[in-house]
Amino acid sequence: MIAELGHFSLILSFICCILAVCIAQIGLIYGHPHLQTIAPRISLINCFLLLFSFACLIYSYISSDFSVINVWQNSHDTKPLMYKISGAWSNHEGSLLLWLSIFGVINYLIGYHTSQSHLPYTIKIQTLIIQHILMGGFIIFVLLTSNPFGRILPVPLEGRGLNPILQDPALAIHPPLLYIGYVLTSVNFSIALSYLLWNNTNINLGLCIRNWTICAWFFLTLGISMGSWWAYYELGWGGFWFWDPVENASLMPWLVMTALLHSVMVAEKRDTLKAWTTTLSILGFLLSLLGTFLVRSGILTSVHAFSVDPERGIFILALISFYSLAALLILSLRIHTLKSVYIFSPLSKEGAIIINNYFMLLFLSIITLGTLYPLFAEVFSGIRISVGAPFFNLAFIPFVIPLLILMPLAPLLNWRKANFHILLQKVIFLIAACLFVFLLLIIFTQANAIPISLGLTLGLWLIGGSLIAIKKKIFPLQKFFLNPWQHLSQLGGIIAHIGVGILSIGIVCTSFMSQEKIVTLTPNSSVPLSGYTVQFKTMKNQKIANYLEEAAFFNILDDQNNVIAELMASKRLYDKPKIITTEAAFMTSFWGNYYITLHEKVADNAYNFRLYYHAFVNFIWLGSVIMACGGIMTLLRRKKHVHTNAPNI
Amino acid sequence: MIQITQKQKKVLFLFVPLFLIAGSLYIILSTLQNNIVYFKTPTEILDEFTTYPKNTRLRIGGLVKKNTLQRESNTQINFILTDFKNSLSITYKGILPDLFRQGQCVIVEGMFYETTTFYAERILAKHDENYVPRELQESLKEQNQIQYYANCQTG
Numbered sequence: 001m002i003a004e005l006g007h008f009s010l011i012l013s014f015i016c017c018i019l020a021v022c023i024a025q026i027g028l029i030y031g032h033p034h035l036q037t038i039a040p041r042i043s044l045i046n047c048f049l050l051l052f053s054f055a056c057l058i059y060s061y062i063s064s065d066f067s068v069i070n071v072w073q074n075s076h077d078t079k080p081l082m083y084k085i086s087g088a089w090s091n092h093e094g095s096l097l098l099w100l101s102i103f104g105v106i107n108y109l110i111g112y113h114t115s116q117s118h119l120p121y122t123i124k125i126q127t128l129i130i131q132h133i134l135m136g137g138f139i140i141f142v143l144l145t146s147n148p149f150g151r152i153l154p155v156p157l158e159g160r161g162l163n164p165i166l167q168d169p170a171l172a173i174h175p176p177l178l179y180i181g182y183v184l185t186s187v188n189f190s191i192a193l194s195y196l197l198w199n200n201t202n203i204n205l206g207l208c209i210r211n212w213t214i215c216a217w218f219f220l221t222l223g224i225s226m227g228s229w230w231a232y233y234e235l236g237w238g239g240f241w242f243w244d245p246v247e248n249a250s251l252m253p254w255l256v257m258t259a260l261l262h263s264v265m266v267a268e269k270r271d272t273l274k275a276w277t278t279t280l281s282i283l284g285f286l287l288s289l290l291g292t293f294l295v296r297s298g299i300l301t302s303v304h305a306f307s308v309d310p311e312r313g314i315f316i317l318a319l320i321s322f323y324s325l326a327a328l329l330i331l332s333l334r335i336h337t338l339k340s341v342y343i344f345s346p347l348s349k350e351g352a353i354i355i356n357n358y359f360m361l362l363f364l365s366i367i368t369l370g371t372l373y374p375l376f377a378e379v380f381s382g383i384r385i386s387v388g389a390p391f392f393n394l395a396f397i398p399f400v401i402p403l404l405i406l407m408p409l410a411p412l413l414n415w416r417k418a419n420f421h422i423l424l425q426k427v428i429f430l431i432a433a434c435l436f437v438f439l440l441l442i443i444f445t446q447a448n449a450i451p452i453s454l455g456l457t458l459g460l461w462l463i464g465g466s467l468i469a470i471k472k473k474i475f476p477l478q479k480f481f482l483n484p485w486q487h488l489s490q491l492g493g494i495i496a497h498i499g500v501g502i503l504s505i506g507i508v509c510t511s512f513m514s515q516e517k518i519v520t521l522t523p524n525s526s527v528p529l530s531g532y533t534v535q536f537k538t539m540k541n542q543k544i545a546n547y548l549e550e551a552a553f554f555n556i557l558d559d560q561n562n563v564i565a566e567l568m569a570s571k572r573l574y575d576k577p578k579i580i581t582t583e584a585a586f587m588t589s590f591w592g593n594y595y596i597t598l599h600e601k602v603a604d605n606a607y608n609f610r611l612y613y614h615a616f617v618n619f620i621w622l623g624s625v626i627m628a629c630g631g632i633m634t635l636l637r638r639k640k641h642v643h644t645n646a647p648n649i
Numbered sequence: 650m651i652q653i654t655q656k657q658k659k660v661l662f663l664f665v666p667l668f669l670i671a672g673s674l675y676i677i678l679s680t681l682q683n684n685i686v687y688f689k690t691p692t693e694i695l696d697e698f699t700t701y702p703k704n705t706r707l708r709i710g711g712l713v714k715k716n717t718l719q720r721e722s723n724t725q726i727n728f729i730l731t732d733f734k735n736s737l738s739i740t741y742k743g744i745l746p747d748l749f750r751q752g753q754c755v756i757v758e759g760m761f762y763e764t765t766t767f768y769a770e771r772i773l774a775k776h777d778e779n780y781v782p783r784e785l786q787e788s789l790k791e792q793n794q795i796q797y798y799a800n801c802q803t804g
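Respectively, the protein sequence lines represent chains L and V.
For the first sequence, our numbering gives the first residue as 1, with consecutive numbering after it.
For the second sequence, our numbering gives the first residue as 650, with consecutive numbering after it.
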């Protein structure tokens, strides 16, 4: 009964989408304000309907209603409550419903929580029309090919259970975060399209999309880094990024959003780069769709891919192609209306932002090439190939280095035209300090001297340069406190740059200073690992809740033989479904993680272990979080009115 | 100070970005060319063996033939990889994935160097027990090995 209610409200919400589009469009054509207000009202109703529908699915999961196919396939009676709930979005159908509910909430926010100064009324209505066209298409997709509320007869007694590697707190929140980011990119898309379609060129596009871009970028950053953290500690491979097609697909919209985040500043402040900003807005959402759906269509092989249902794949491809072609057609037909006349020197903030955009698009093309090339090669020439991590790493490095060199300089530049000598004055001491550190590092580092010294110096340069920029912003204090929010919001961007510096230090150190050992140990034997001694104590088999566990116990000893940590690395054989997972033993510290995984038994009482010491690995996630927080800080700014002729309603 | 005319400036603005883009594309494409890993089945390997340059990185997909797994030392193993037509002997030093079993589909990645034994550096076995690599599915179908493919699927 509950499932049918959910299904029914999904159908209702589809009808609402059609109504909103038709009525609001008629209202726009005939200039009828009452008909126009239908769009925000329906966005509120739709938000309720979709959330209700999603709540119905969650209820079915909590009450373990196995007559619903989706629940039967992905849940089990004995699962902890938290994973019953998160099970609802661990699969294709449920994750789509989550995607739609977020879409509903965001439409409601556009409808009711945007100020006139940020999103003038007519643009709001137009944006909502486009949002409802998008939403309608995806609701139809869910209803026709991936209905989460399908029933099964006879009712099974027990569910098939959730893949245990997905039973994890990080993975319970990783998809919602990422989906919020993906869905938020749709707002930019719709605003940009409404801008083109209805010829709203007298309105400041940058101001309209600025806050949405920042939010989308914030959630994407958090979502991606959460996913990487999960992969690091749960999959037991000891890596933080695998260049897997699904990861790449999430990085693609992130790169575009990063480019947009910067170009939107120029669009807002200088009312220029409008055509480019519009293009990026449209591209960002199209790539988000690719990230959400293309990987689910089974075209790309990946550890993450849920479904390999051809009918579904063709439907979603057709839908995405339709939206993409329509958007690109509108873009190409109308882009000439966006003329920018603002002239700036190449050495200026505007120039720096264009360079940033160039790098982001370059990274985007590297990822697109590496991800899609195998697909094309197979389709067109029948050769089966794969392009893996070595390609991405090698292709990225030559471009990341100049990017990191240029990055801290950008906040130090003036708008419009900067003076090279003044810039040089600001950073000359930092350059000297960095060169000195570089020389010291290159002399005193034993292994991998060049990459380590280069990486650390670049990180230092980036953080140092950002600190100089922060100092310039904060001092004199009187000026800072005259308009604190404005200044804090400007600091946000620089703090995000510091995050990038910490992130790159983390990546360089983990890649070049880590230790990995594969050893065979018997109980009570020990092995040294990066300053400590790892002592294998004993092996134990235990039965816990819904799995059997083979656990190895360790002591970590320092050089005086004091036990500083007791760890457990294990292998679990889950019951439903029958799956083995590797649970790594962890000791986290500021300087790095000690990481032990248990592998096969090679003789009586002798087991293979993999021991890692990952230097500075936590900097990777720390840096990402700082980056995201810096980004969200830029929202602190007070609102300002700059639209030329916004109607007052 | 060199004076640049307006026209020269325009030309500069056009060509510098073009040059940068072309340079970047060249770097990316040459990196791609050097880092492609070909996917082959044992049969394809034996057919084309002489045509490969030495030290080409390859991925070979197949089934771990039952009762061929030998442990050379604690961390080194040998086994035979087969596609039911032809077989290859594989040597692997390192840790096996949890799901590595005899009779199951795996992908090995590595090189031949100068021998007829394939030195695997990585073994990929997916988290799903019923997993058959997509590339292998197709080649098994091509070779009319559908019943084996079915066996392979059920473990």
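No residue lacks a Cβ here, since even glycine has one placed at the ideal position from N, Cα and C.
Remember, predicted model here, so these are calculated numbers, not experimental data.
Check, Outcome
"Any C-beta of chain V under 8 Å from that of A224/L", "Note that residue 224/L is Ile in the sequence shown, not Ala. No, its Cβ sits nowhere closer than 8 Å to a Cβ of chain V."
"Contacts of V686/V in chain L (Cβ-Cβ under 8 Å)", "I385, S386, V387 and G388"
"Separation of G227/L from F306/L, as counted between CA atoms", "Confidence at F306/L is low in this model, with a pLDDT of 43, below 50, so its placement is unreliable and no value can be given for it."
"Chain V within 8 Å of T582/L, Cβ atoms only", "yes"
"Assumed close pair K571/L, E550/L - CB separation to whole angstroms, cut-off 8 Å", "5 Å"
"Nearest-angstrom Cα separation, counted from H113/L out to I18/L", "23 Å"
"Buried or exposed (CB count within 10 angstroms, at least 16 for buried), A545/L", "exposed"
"Inter-stretch contact at 8 Å, needing at least 3 Cβ pairs: the region 209 to 229 of chain L / the region 348 to 366 of chain L", "no"
"Neighbour flag for Y342/L against chain B, beta carbons, 8 Å", "Among the protein chains of the structure shown, namely L and V, there is no chain B."
"Buried versus exposed, by CB contacts within 10 Å (16 or more), D559/L", "exposed"
"Length of the line joining the Cα atoms of G806/V and L678/V", "For chain V, the structure presents residues 650 to 804; residue 806/V sits outside this window and is missing."
"Counterpart residues of N541/L in DSSP-defined beta bridges", "E550/L"
"Cutoff 6 Å; reference S225/L; Cβ partners in own chain excluding five residues on either side", "W621 and S624"
"Endpoints, the beta strand (DSSP E) within which M407/L is located", "No beta strand (DSSP E) contains M407/L, which DSSP labels as neither H nor E."
"For G6/L and L207/L, the rounded distance between their alpha carbons", "38 Å"
"Interfacial residues, the region 513 to 531 of chain L to chain V, with Cβ spacing under 9 Å", "I518, V519 and T520"
"Local Cβ density within 10 Å of Q478/L, reported as buried at 16 or more and exposed below that", "exposed"
"Contact set between N723/V and chain L, taken where Cβ atoms lie within less than 8 Å", "T520, V602, A603, A606 and N608"
"Boundaries (first-last residue) of the beta strand (DSSP E) holding S736/V", "S736 to K742"
"Touch test, the region 109 to 128 of chain L against the region 168 to 186 of chain L, Cβ-Cβ under 8 Å, three pairs minimum", "no"
"Own chain partners of Y650/L with C-beta closer than 8 Å, once the 5 adjacent residues on each side are dropped", "Here chain L covers residues 1 to 649 and nothing more, so residue 650/L does not appear."
"Selected residue, minimal CA-CA separation from L681/V, among F48/L, A3/L, L143/L and F396/L", "F396/L"
"Proximity of P245/L and T371/L at Cβ, strictly below 8 Å", "yes"
"Proximal residues of chain V, C-beta to C-beta of F399/L below 9 Å", "S673, I676 and I677"
"Per-residue contacts from I367/L into chain V (C-beta, under 7 Å)", "Chain V residues near I367/L: none, gap ~11 Å exceeds 7 Å."
"Distance between I203/L and L12/L (C-alpha atoms, nearest Å)", "35 Å"
"Contacts of I694/V in chain L (Cβ-Cβ under 8 Å)", "Result: empty, since nearest Cβ-Cβ is about 13 Å, beyond 8 Å."
"Buried or exposed (CB count within 10 angstroms, at least 16 for buried), L10/L", "buried"
"Y342/L, DSSP secondary structure in three states", "coil"
"Of the residues N393/L, T127/L and S281/L, the one placed nearest F242/L, counting alpha carbons only", "N393/L"
"CB contact below 8 Å: N779/V versus chain L", "In this prediction, N779/V has a pLDDT of 47, which is less than 50 and means its spatial position is unreliable; what the coordinates show is noted afterwards. With 8 Å as the cut-off, N779/V does not count as an interface residue toward chain L."
"Other residues of its chain near G87/L: CB distance less than 6 Å, five sequence neighbours each side excluded", "Y61, N74, S75 and L162"
"Per-residue DSSP class, three states only, for P528/L", "strand"
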